Amino acid sequence: MDNTIKRRPTFKIDKNLLWGGIAIAFVVFLLILTALDVNDGKRFSQIVAGGLYQGMLIFMVAAGLSIVFGLMDVLNFAQGSLFMIGAYVGVEVLSGLSNDTKTNAALLSIHVVTFTPIAVTLLVEIGTWLFYRFMSRQSGGVRPSGHLLAKLTTAALVGAPLGVLLGNTVANDLGSSADLIRVIGAVVVTALTWVDIARDPLLFSIKWLFNEISTRFQRGLAIIQGHQALPVEALKYRPSPLPENGVPIIQLVSAVLLSTSLGILFNSTEATTLRFGIAATAAVFAGALAGVVMETVFIRPTYVRPFFQIVLTFGIALVVREVIIYKYGVAAKGTLAAHLPSTLRGTFPPAFLQDVFPNLETSISNYWIFMIMMGLLMMIGVQVLLMRSRIGIIIRAGVQDSEMVEALGVNVRLVFTAVFGLGAGIAAFGGIISAGFISINPVMGDLYLLQAIAVVIIGGLGSYAGTSIAAVVVGITRSVAEYFAGKQFNSTGLAPVAVLVLLCLILLVKPSGLFGKEH
Amino acid sequence: MTQTENRLRRRHPLVQTLYDNWPYILALILLWRFPYIVADITNSEVSPDSPRVVSEAKFWQGVMIEVFTLGVLAISYNLMFGFTGLISFGHGVFFGTGVYTVAILVSKYQQSFEVSIIIALALGVLIALIWAMASFRLKGVYFAMFTLAFAQIFYELSKISLFDFLTGGDDGITWTAPDWINAVRNRLTLYYVAMAVFIFAFMLVRRLMNSPSGKVLIALRDNPVRAETLGFNIYLYRTLSIVVSGFLATFAGIMHTVNFRQAEPTALGLDRTVDPLIMSLIGGIGTNPGPVLGAGLLRIGEQFLRKEDLQVDLNFIIFRLSTTVDAEKYWAVALGIAFILFVLLIPYGLIGSLNKTWIEIRRWGRKYFYNPLVRKYPQLATWAEPFTGEPPEVAKALAHIPPEHDLKGWALVYPFAAMNGVTAVIGVLMGLLSWSWRVAVSWMLFLLLISVPLRIIALGQRFQKKRTG
Amino acid sequence: MSEPILEVKNIHTFIGQFHILEGVNVTVNRGEITVLLGRNGAGKTTTLRSIMGLANVRSGEIRFNGREIRQMRPYKVARLGIGYVPEYRAIFRDLTVEENLKIAEREAGDLARRLDSIYTLFPDLQRLRKLGGAQLSGGQQQMLAIARALVAQNELLLIDEPSEGLAPVIIEQLMAAIRHLSDHTTVLLVEQNFHMASHLADRFVIIEEGKSVLAGRMADLAGDDELISKYLGAA
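Line by line, the protein sequences give chains B, Z and X. If you're matching positions, the first sequence starts at 27 in the numbering used here and goes up one per residue. If you're matching positions, the second sequence starts at 800 in the numbering used here and goes up one per residue. If you're matching positions, the third sequence starts at 4 in the numbering used here and goes up one per residue.
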């Protein structure tokens, strides 16, 4: 008898790949349909870019929604409110900054002291990573402590050219307080850079010193108490763990280089950019704080009552909306366009590019490109966080079984709060970014929330990649629907209906969404 | 137990019923006399001769009509969310259907008021059937999202200029209600009609929830898997709940548009979900009188708070407000905060908490319960906390429901059949009030109309597997 | 060596409104392998979950190294040095083998320190380290689940039904592994497979209908066919 089991040839297609392909095919189909109808490169580019930027804004609301739902099974109806909080905090900060010179100066210095060093450290870390990833194969990708060379390279290759390029080329309108701030900034940044660079050897030497002292103390104690002294090994010579000679000099040089280039960078920054940066930072922190408070105070007590949880977030959204109406009135407050840096106010391509490529038939607002870039940055950033970091591993594991993660010794509730704050921060960032182009009003959050929910469900609840793809799909769908509705019915109000119909259909046909797991 | 039964037997059934329901009977009498009591207190005319004059009494009748409207809406919402555990974020679609259908048919197509009502209700039931079909496939959050998207589609459509000829766009429609039920000319009549509809809705849901079918609905909420393994056709019960709920919400919409004689997009909006949700939560979700109590408290409380100029200085509390508080705006914020506090601290609402305490007291003290169903199935006596996801006592009690009980054929129309009498009485009453035989006939026609789709669904049940439990 | 590391005294555990454990007593001595025996649904798994803090223990006493841990959150219990290998090999399916191990780190460098010894114990895992958890076979998943509990410095391992649904060859491998790791740590095992239990364990506790009914040395039980058939059905 033949013992071998005959296997039928199976044609197994990766489900995710299949649905991703369908989603992309759908977008391409829509775009071809539009392209055939438009016959105007300018209009077409606007439709595509418009769809993309809307998709990115929706994504920023949906990201938190998706991760939070996957991890904690909470569908946060207040995510739209966080988006709105971001926008309003941004407005408040910006108007405060442009009105009052004292707050202006104070906030600027706060910004200089907190935000820029973080950016610098990030820059340095990225450079280090790149250096050891691609340049030093022989070290096996393992980072030696100190990593001075990398920092030097970064400082030399990134910091200095930036400083030279930007220094004094752009007008600065900071006024008289500018110099003081710049000096403070330079000092703080230098100090922080120093600490960062010298961190590893410093820690090492502190440990060594502590060890030395405690050994001697114990030995002394033993002698006093009349015990036998410690073995001879304790007194033997141990090589100093401090770095080899010459290193401190290199550190000094690198720090000076870095801080110089940073100083030039400060010198050159346009005040509007700074203000907008401050507003964005404030918005993100306010949003994240609101998210953390929301999670700890309101949602944590209701994990045992899932029904009430939805109702509760719904109530929070209601309160936030009413408070904003209370404080700012129902009327829309207009956009932040006037506060934007000049580079963001133009259109793409700029005049000099048009001279070079006269056939370039596009006309997209620079700000749209900025929004798209920011959205992509967030998308990739969160993806990297999820795939690479320890908290990402915990989140992905928690999506499957948070109880087991806790049984391994991870404080899952803390992770919940952090993730909630992260999602809230991203939503608030989306809010302030959108405020540069879209009129701020008390129902802006609700509008984006609906679309974000559509995105999360289309992408599959709990699937981050699905959310990212669905955001683009929904953005493009909306934009194309806007175009066709405007053309055929002279009524762009049909665009949100198109998205909602898409949502209803997906729910009825494939409730788990494109990339979600079957329940 | 025998002692209790003896004590129960000593009373005449009618006396027992009156004794059991004394709060409701008291409320009924109060509502019946309400216009006159208010007239006495405020020393004003119940129904002034000139329709232009709005006396104090007439004003309060208007408020009470709104309470009845919201009460019906809240009852309907509570049936779906509180009793069956289906979260709806799109109740506005039913409400708006009632509002818009009547307004459009009467003002744009010159249909008679009665026919419009029936078409509106039929449309409401139709939408409910679509929802029910969606609920077969979608669970929990997914169903909530479906209802939200579904309602928002209609909301967006009602706003855009494309359908101006039908909906009037953002401005909406203004129409004239028939004289006999007109809120300006004949508000007292409208008051009693609204009250009748409200009582109809209340009795309908109460009867339904006291029936074995109602217990199955509660089991659906607390433990759908268990209800299914016990052999109940959960889809049919879900359909029942959604259809009755949609029917009542549409009715509320009709009452709303009759009262205000206009239709506008907000009738379809999210507020129509938020309002009944808050009312149910405050009154007590998953209880019969809760939503009604919530509706009354909120609407009347709002009236008082808005009427008096609120001289509260919140300067030191939350916001840097100037001196006085704009009562209109303050109300919305306060409502939201109350909402959150209720969800966090008193999740079962006023009536729910009261019930819970009461039952605890009863447990200690007496040995019998007024509720006839509890008397029959003592397991129900233990308070089952709704929505905790734990297997509750109610699900256990399901085992005691006679095995032959399941919705079969006409049984889906059971609550309607049970209320046939009441409906007929209301029909005759409305006919008498408007001196029109058409109204009476149209009510009967309506009953026929509503039973046809239900009958079709029920037929499908013959092909379902027989109950195994 | 008979110093108790874990003492469970008369615990009553509820799941929802159901009273699952109605007085369970378990004592685990340091360095020994103790096995919980009993029929399906007797409450063995619930006992382990109660120790980890994953179940609602309303009364009783659970002491680990003399410290009361009954009301503690699970992550704190785990950090005291208790590793948990749950039923059905609850590894994380979306994570790779390496990530599955990495998540169990309590301090940075835990994994790097013990990776070699883990790979010596389960050589398969080294070969599969880049694979997703969902792609592993049942035996490999079980090995990964045990390895995950070894990453952190644990004094006590709770292992729930390791042999369930595995081929006899794999069970032999697992037994060898568990015997090896019991040189360094204490193990509380739940096992239906009496053959495996009798070969591994030093002591046993029999749980029946939520109560611990019998405890003693495994050697005594293994010889007593009457007891075995009374409590465990046919051996």
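Yeah, the Cβ is synthetic: ideal placement off N, Cα and C, and Gly gets one too. Values in this document were obtained by computation on a predicted structure and should not be read as measured data.
How big is the Cα-Cα spacing for residue i and residue j?
{"i": "Z:V905", "j": "Z:L1080", "result": "35 angstroms"}
{"i": "X:E6", "j": "Z:A1026", "result": "50 angstroms"}
{"i": "Z:N1087", "j": "X:G135", "result": "52 angstroms"}
{"i": "B:L11", "j": "Z:L947", "result": "No information on residue 11 of chain B is available, as it lies outside the stretch 27 to 545 that chain B covers here."}
{"i": "B:K41", "j": "B:L540", "result": "9 angstroms"}
{"i": "X:V80", "j": "X:Q74", "result": "10 angstroms"}
{"i": "Z:P883", "j": "Z:P1075", "result": "Contrary to the premise, residue 883 of chain Z reads as Thr rather than Pro in this sequence. If I take the Cα positions, the gap works out to 15 angstroms."}
{"i": "B:G317", "j": "B:V410", "result": "22 angstroms"}
{"i": "Z:L1179", "j": "Z:R936", "result": "For Z:L1179, the predicted structure reports a pLDDT of 47, less than 50, and the residue's modelled location is therefore unreliable. A value from the coordinates is still provided. Computed Cα separation, rounded: 30 angstroms."}
{"i": "X:E194", "j": "X:E211", "result": "14 angstroms"}
{"i": "Z:G889", "j": "B:V436", "result": "39 angstroms"}
{"i": "B:F70", "j": "B:T493", "result": "25 angstroms"}
Compare the C-beta of residue i against all C-beta atoms of chain B and say whether one is closer than 7 angstroms.
{"i": "X:L98", "result": "yes"}
{"i": "Z:F953", "result": "no"}
{"i": "Z:S960", "result": "yes"}
{"i": "Z:P1075", "result": "no"}
{"i": "Z:A1131", "result": "yes"}
{"i": "X:M55", "result": "yes"}
{"i": "X:Y122", "result": "no"}
Chain Z beta carbons: is any one of them nearer than 7 angstroms to that of residue i?
{"i": "B:I483", "result": "yes"}
{"i": "B:E432", "result": "no"}
{"i": "B:L200", "result": "Low per-residue confidence applies at B:L200: pLDDT is 44, beneath 50, and the placement is therefore not dependable enough to give any value."}
{"i": "B:F85", "result": "no"}
{"i": "B:S517", "result": "yes"}
{"i": "B:Y352", "result": "yes"}
Could you give the first and the last residue of the continuous alpha helix (DSSP H) run that contains residue i?
{"i": "Z:I1017", "result": "P1011 to D1021"}
{"i": "B:S415", "result": "Per DSSP, B:S415 belongs to no alpha helix (DSSP H) and is neither H nor E."}
{"i": "X:N103", "result": "V100 to K105"}
{"i": "B:Y490", "result": "Y490 to Q514"}
{"i": "X:E10", "result": "Here X:E10 belongs to no alpha helix (DSSP H); instead the beta strand (DSSP E) covers P7 to I18."}
{"i": "X:F207", "result": "X:F207 -> not in any alpha helix (DSSP H); beta strand (DSSP E) instead, spanning R206 to E211."}
With residue i and residue j assumed to form a contact (beta carbons below 8 angstroms), what rounded beta-carbon distance in angstroms separates them?
{"i": "B:A309", "j": "B:G501", "result": "Going by Cβ atoms, the distance from B:A309 to B:G501 rounds to 22 angstroms, so no, they are not a contact pair."}
{"i": "Z:A1062", "j": "Z:I952", "result": "Contact doesn't hold; Cβ gap of about 17 angstroms is too wide."}
{"i": "X:L24", "j": "X:T16", "result": "4 angstroms"}
{"i": "Z:L1019", "j": "Z:Y991", "result": "No, Z:L1019 and Z:Y991 are not in contact; Cβ-Cβ is about 36 angstroms, not under 8 angstroms."}
List, in order along the chain, the chain X residues whose C-beta lies closer than 7 angstroms to that of residue i?
{"i": "B:I420", "result": "I106"}
{"i": "B:V499", "result": "Per Cβ cutoff of 7 angstroms: no residues; B:V499 is ~23 angstroms from chain X at best."}
Determine the chain B residues that contact residue i at a beta-carbon separation under 9 angstroms, and present them in chain order.
{"i": "X:L159", "result": "The premise fails here: X:L159 is roughly 13 angstroms from chain B at the closest Cβ pair, so nothing lies under 9 angstroms."}
In terms of residue numbering, what span does the beta strand (DSSP E) encompassing residue i cover?
{"i": "X:R66", "result": "N59 to F67"}
{"i": "B:A75", "result": "Not the beta strand (DSSP E): B:A75 falls in the alpha helix (DSSP H), residues G67 to M98."}
{"i": "X:D163", "result": "L159 to D163"}
{"i": "X:G26", "result": "F21 to N32"}
{"i": "X:A218", "result": "K214 to R220"}
{"i": "B:T443", "result": "No beta strand (DSSP E) holds B:T443; the alpha helix (DSSP H) holding it covers V438 to A461."}
Could you tell me whether the Cβ of residue i comes closer than 7 angstroms to any Cβ of chain X?
{"i": "B:G303", "result": "no"}
{"i": "B:A472", "result": "Correcting the residue identity first, residue 472 of chain B is Asp in this sequence and not Ala. It does not: the Cβ of B:D472 has no partner Cβ on chain X nearer than 7 angstroms."}
{"i": "B:D66", "result": "no"}
{"i": "B:A423", "result": "yes"}
{"i": "B:D427", "result": "yes"}
Could you tell me which chain B residues have their CB closer than 7 angstroms to the CB of residue i, listed as they occur along the chain?
{"i": "X:R109", "result": "G435"}
{"i": "Z:V892", "result": "Residues of chain B passing the Cβ test: none, with the nearest at roughly 12 angstroms."}
Who are the neighbours of residue i on chain B, taking C-beta pairs under 8 angstroms?
{"i": "X:R82", "result": "G435"}
Beta carbon of residue i: closer than 6 angstroms to some heavy atom of the ligand SAH?
{"i": "B:Q514", "result": "The ligand SAH is absent from the structure shown, which contains no ligand whatsoever."}
Using a Cβ cut-off of 8 angstroms, pull out every chain X residue sitting near residue i, in sequence order please.
{"i": "B:V438", "result": "Y78"}
Residues of chain C with a CB under 8 angstroms from the CB of residue i: which are they?
{"i": "X:P89", "result": "Here chain C cannot be found, since the structure's protein chains are B, Z and X."}
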